[in-house]
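Peer 1: Take a look at the following structure, please.
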Amino acid sequence: MSDVTRLSAAELAEQLGRGDVTSVEVTQAHLDRIAAVDPAIHAFLHVSSDEALATAADVDARRAAGEPLHALAGVPIAVKDVVVTKDIPTTAGSKILDGWIPPYDATLVTRLRQAGLPILGKTNMDEFAMGSSTEHSAYGPTRNPWDETRIPGGSGGGSAAAVAAFEAPLAIGTDTGGSIRQPAAVTGSVGVKPTYGGVSRYGLIAMASSLDQAGPVTRSVLDSALLHELIGGHDPRDSTSIPESLPELVAAARGGDVAGMRLGVVSQLSGDGYEPGVKARFDDALALLADAGAEIVEVSCPSFDYALDAYYLIMPSEASSNLARFDGMRFGARTLPDEGPVTAERVMAATRGAGFGPEVKRRIMLGTYALSAGYYDAYYGSAQKVRTLIQRDFAAAFDKVDVLVSPTSPTTAFELGAKLDDPMAMYLNDVATIPANLAGVPGISLPSGLSSDGLPAGFQILGPAKADDRLYRVGSVLERLLEQQWGGPLLAQAPTLEVA
Amino acid sequence: MSAITRAEVDHLAALARIAMSDDELDQLAGELDVIVGSVAKVSEVATDEIPATSHPLPMTNVFREDVVETPLTASEALSGAPAAEDGKFLVPQILGDEQ
Numbered sequence: 001m002s003d004v005t006r007l008s009a010a011e012l013a014e015q016l017g018r019g020d021v022t023s024v025e026v027t028q029a030h031l032d033r034i035a036a037v038d039p040a041i042h043a044f045l046h047v048s049s050d051e052a053l054a055t056a057a058d059v060d061a062r063r064a065a066g067e068p069l070h071a072l073a074g075v076p077i078a079v080k081d082v083v084v085t086k087d088i089p090t091t092a093g094s095k096i097l098d099g100w101i102p103p104y105d106a107t108l109v110t111r112l113r114q115a116g117l118p119i120l121g122k123t124n125m126d127e128f129a130m131g132s133s134t135e136h137s138a139y140g141p142t143r144n145p146w147d148e149t150r151i152p153g154g155s156g157g158g159s160a161a162a163v164a165a166f167e168a169p170l171a172i173g174t175d176t177g178g179s180i181r182q183p184a185a186v187t188g189s190v191g192v193k194p195t196y197g198g199v200s201r202y203g204l205i206a207m208a209s210s211l212d213q214a215g216p217v218t219r220s221v222l223d224s225a226l227l228h229e230l231i232g233g234h235d236p237r238d239s240t241s242i243p244e245s246l247p248e249l250v251a252a253a254r255g256g257d258v259a260g261m262r263l264g265v266v267s268q269l270s271g272d273g274y275e276p277g278v279k280a281r282f283d284d285a286l287a288l289l290a291d292a293g294a295e296i297v298e299v300s301c302p303s304f305d306y307a308l309d310a311y312y313l314i315m316p317s318e319a320s321s322n323l324a325r326f327d328g329m330r331f332g333a334r335t336l337p338d339e340g341p342v343t344a345e346r347v348m349a350a351t352r353g354a355g356f357g358p359e360v361k362r363r364i365m366l367g368t369y370a371l372s373a374g375y376y377d378a379y380y381g382s383a384q385k386v387r388t389l390i391q392r393d394f395a396a397a398f399d400k401v402d403v404l405v406s407p408t409s410p411t412t413a414f415e416l417g418a419k420l421d422d423p424m425a426m427y428l429n430d431v432a433t434i435p436a437n438l439a440g441v442p443g444i445s446l447p448s449g450l451s452s453d454g455l456p457a458g459f460q461i462l463g464p465a466k467a468d469d470r471l472y473r474v475g476s477v478l479e480r481l482l483e484q485q486w487g488g489p490l491l492a493q494a495p496t497l498e499v500a
Numbered sequence: 001m002s003a004i005t006r007a008e009v010d011h012l013a014a015l016a017r018i019a020m021s022d023d024e025l026d027q028l029a030g031e032l033d034v035i036v037g038s039v040a041k042v043s044e045v046a047t048d049e050i051p052a053t054s055h056p057l058p059m060t061n062v063f064r065e066d067v068v069e070t071p072l073t074a075s076e077a078l079s080g081a082p083a084a085e086d087g088k089f090l091v092p093q094i095l096g097d098e099q
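Laid out in structure tokens, this is it:
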């Protein structure tokens, strides 16, 4: 048997369908890979071996009995630890939820289980999805498979690293300001933030409810489309879930064609602050798309210059409210005060003081400040107006072009620890991804090649709300053209990891 | 634009119900000041005639049929509780002696 951990999910699905391999074999191969490389990478916070193998065995039996199965049945998957999983520990990367085992599944997990995808485990993340480097996990950082001294992006660095290190063919991430796309970019994988409301948020531990969106992290554009169609679609348990059905994503990924499409290069997302190597790979990719028949148009979105600022007022404001539920009363850890009376209020303060890490405290405090009397209009109110301006910029741009494109992240993966003491420098990593979250539009990041430092850079495509199929249409063409140049997927060039 | 004092940070910590050490308060006072100073840029473009947007998509209330479903059992709901007794959450004293 060839090394099944190197195959894409679509290739695995084909082999499983033909009976060339069993899901138990595939799942065991990935569990073996996790055992071998995860001590160095630390992509996983919890590995659910027994449960994954049981699901795999069940799928194999159903396949043998001739039952009709989902296209991805038997393909294993890793799930970011901010998504609740019944009977599997869920911590959101925080000590305050250490040891918590949810009594229910998120809707997207229910869909994974019903389709027969073995869940390999839960992936590492910045605490409560707050961060751009996975260094804010309470359980230690994840390392980038391309260079273990570097960050894998954040907050979904665990999901991206698991996919890039061949520990899982598929993973689930969540993207509040870029936490699927930026980790995908710096690890050479593919990540998609669907249209807001396109994938149910029921069972996601909320950070900022008007921005959070779950989506796929994979090694190919087609794999993302397959996973997106599986987890997406209306969910009556999420009042913000879009009632209309999804556009045809897999068909778009299989039949991609950019001839006659208009691609808008956002001038605000490709200028100062973007590394020359990242910009060069972006320009090369753009030239390929132009050769394939796309029309390239420069587009100005002036309000994007204020997106980062608006985001860092809105996101902490919503987070300060959402994280009020972690109070040591109904679930999670409880810490008693060192001295004085043991009242509920003092226990809450002691629990939150001990249970939250520095970045979470920073953002809760920032949100509490932005929402406080006297400052509300100047900060939170103004930020919500900027959101209107950004939506208008997107609407005006999509009147002229079919999709917008930019580098996903201004830099490649930086060294672990390099930006830990400078929150503003850390926040700047998401400058190109944040506008999409504020406006609710979908975005994909796929590898554009290696920058001058030999590390992956990402190409971002943004579409209008509910037109997620356009991401796959353009993304699949670019992927095919680039892989022709590289002689295969970019991840095939990643260093071979030391096996424990 | 902003100048967040340590006393304000102390007050915010009390509002947010987070116990903080003196070192944490000192550090956060500086960091919040830098962050708030930077993000204050939004007020440059947020003029009176621009409406605020709270949510990326239009929001409508959602109703469902009043159908009986199977909820979590009491033991499931209590399964992650730090303390429980007699099928209920056990919490510290909420009201003071005088109440």
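Heads up: the sequence lines are chains A and B, in that order. Residue numbers for the first sequence follow the numbering used here, beginning at 1 and rising by one. Residue numbers for the second sequence follow the numbering used here, beginning at 1 and rising by one. Using N, Cα and C, we set each Cβ at its ideal position, and we do this for glycine too. The structure presented is a predicted model; accordingly, all values stated were derived computationally and were not measured.
Which ranges would you report for the beta strand (DSSP E) in the region 199 to 264 of chain A if only whole runs of at least 3 residues count?
Peer 2: 214 to 218
Peer 1: Residue 75 of chain B lies in the beta strand (DSSP E); which residues open and close that run?
Peer 2: Where residue 75 of chain B is concerned, there is no enclosing beta strand (DSSP E), although the alpha helix (DSSP H) it sits in stretches over 74 to 78.
Peer 1: Look at residue 180 of chain A and residue 191 of chain A and say whether their C-beta atoms are less than 7 Å apart.
Peer 2: yes
Peer 1: Does the separation of the CB atoms of residue 234 of chain A and residue 247 of chain A fall below 7 Å?
Peer 2: no
Peer 1: Spatial neighbours of residue 473 of chain A within its chain, please: C-beta separation below 8 Å, excluding the five flanking residues on both sides.
Peer 2: Closer than 8 Å at Cβ, skipping near neighbours: 252, 253, 255, 256, 257, 258 and 261.
Peer 1: Please decide whether residue 51 of chain B counts as near chain A, where near means a Cβ-Cβ distance under 7 Å.
Peer 2: yes
Peer 1: Where does residue 61 of chain B land, buried or exposed, given buried means 16+ other C-beta within 10 angstroms?
Peer 2: exposed
Peer 1: Helix, strand or coil for residue 456 of chain A, going by three-state DSSP, please let me know.
Peer 2: strand
Peer 1: If I measure Cβ to Cβ from residue 32 of chain B and keep anything under 7 Å in the same chain, skipping five residues before and after, which residues do I get?
Peer 2: 4 and 9
Peer 1: Would you mind telling me which residues of chain B sit closer than 8 Å to residue 386 of chain A, beta carbon to beta carbon, in chain order?
Peer 2: 42, 45 and 46
Peer 1: Do residue 90 of chain A and residue 102 of chain A have their beta-carbon atoms positioned less than 7 Å apart in this structure?
Peer 2: yes
Peer 1: Using three-state DSSP, classify residue 343 of chain A as helix, strand or coil.
Peer 2: strand
Peer 1: Please state the DSSP three-state secondary structure of residue 127 of chain A.
Peer 2: helix
Peer 1: With 16 other CB atoms within 10 Å as the buried threshold, where does residue 61 of chain A fall?
Peer 2: exposed
Peer 1: Residues bridged to residue 121 of chain A by DSSP?
Peer 2: Beta-bridge annotation (DSSP): residue 121 of chain A is paired with A/47 and A/78.
Peer 1: Which first and last residues belong to the alpha helix (DSSP H) in which residue 34 of chain B is found?
Peer 2: For residue 34 of chain B, the enclosing alpha helix (DSSP H) starts and ends at 22 to 39.
Peer 1: Whose C-alpha, out of A/326, A/146, A/462 and A/175, is nearest the C-alpha of residue 125 of chain A?
Peer 2: Comparing Cα positions, the closest option is A/175.
Peer 1: Compute the Euclidean distance between the alpha carbons of residue 94 of chain A and residue 81 of chain A, then round it to the nearest angstrom.
Peer 2: 10 Å
Peer 1: Kindly identify the DSSP beta-bridge partner or partners of residue 93 of chain B.
Peer 2: Note: residue 93 of chain B sits in a beta bridge opposite A/343.
Peer 1: Select from the region 192 to 220 of chain A all residues with a C-beta closer than 7 Å to any C-beta belonging to chain B, and list them in chain order.
Peer 2: 196, 197 and 210
Peer 1: What residue does the beta strand (DSSP E) around residue 193 of chain A start on, and which one ends it?
Peer 2: Taken as a continuous stretch (DSSP letters only), the beta strand (DSSP E) holding residue 193 of chain A covers 190 to 193.
Peer 1: Classify residue 304 of chain A as buried or exposed, calling it buried when 16 or more other Cβ atoms lie within 10 Å of its own Cβ.
Peer 2: buried
Peer 1: Can you grab the Cα-Cα spacing for the pair residue 282 of chain A / residue 98 of chain A, in whole Å?
Peer 2: 41 Å
Peer 1: For residue 359 of chain A and residue 292 of chain A, I'd like the C-alpha separation in whole angstroms.
Peer 2: 44 Å
Peer 1: Strictly by DSSP, which residues pair up with residue 297 of chain A?
Peer 2: A/264
Peer 1: Distance, Cα to Cα, residue 525 of chain A vs residue 65 of chain A?
Peer 2: In the structure as shown, chain A begins at 1 and stops at 500. Residue 525 of chain A is therefore absent and cannot be evaluated.
Peer 1: State buried or exposed for residue 1 of chain A, treating a residue as buried only when at least 16 other CB atoms are found within 10 Å of its CB.
Peer 2: With a pLDDT of 49 at residue 1 of chain A, under the threshold of 50, the modelled position of this residue cannot be trusted; read the value that follows with caution. Residue 1 of chain A is exposed by the Cβ-count criterion.
Peer 1: Is it true that the CB of residue 33 of chain A sits closer than 7 Å to the CB of residue 167 of chain A?
Peer 2: Going by C-beta atoms, residue 167 of chain A is nearer than 7 Å to residue 33 of chain A.
Peer 1: Can you list, in chain order, the residues of the region 67 to 82 of chain B whose Cβ is nearer than 8 Å to any Cβ on chain A?
Peer 2: 72, 76, 77, 79, 80, 81 and 82
Peer 1: Tell me whether the beta-carbon of residue 263 of chain A lies closer than 7 Å to the beta-carbon of residue 294 of chain A.
Peer 2: yes
Peer 1: Inspect the CB distances between the region 350 to 369 of chain A and the region 10 to 29 of chain B and report whether three or more fall short of 8 Å.
Peer 2: yes
Peer 1: What's the call for residue 63 of chain B, buried or exposed, on a 16-neighbour Cβ count within 10 Å?
Peer 2: Label assigned to residue 63 of chain B: exposed.
Peer 1: Check the DSSP bridge columns for residue 147 of chain A and list the partner residues they point to.
Peer 2: A/144
Peer 1: Name the residue from A/160, A/156, A/85 and A/73 whose alpha carbon lies nearest to the alpha carbon of residue 118 of chain A.
Peer 2: A/73
Peer 1: Counting C-beta neighbours from all protein chains within 10 Å, is the total for residue 90 of chain B 16 or more, i.e. buried, or is it exposed?
Peer 2: exposed
Peer 1: Which residues, taken in chain order from the region 104 to 127 of chain A, show a beta carbon closer than 8 Å to some beta carbon of chain B?
Peer 2: 104
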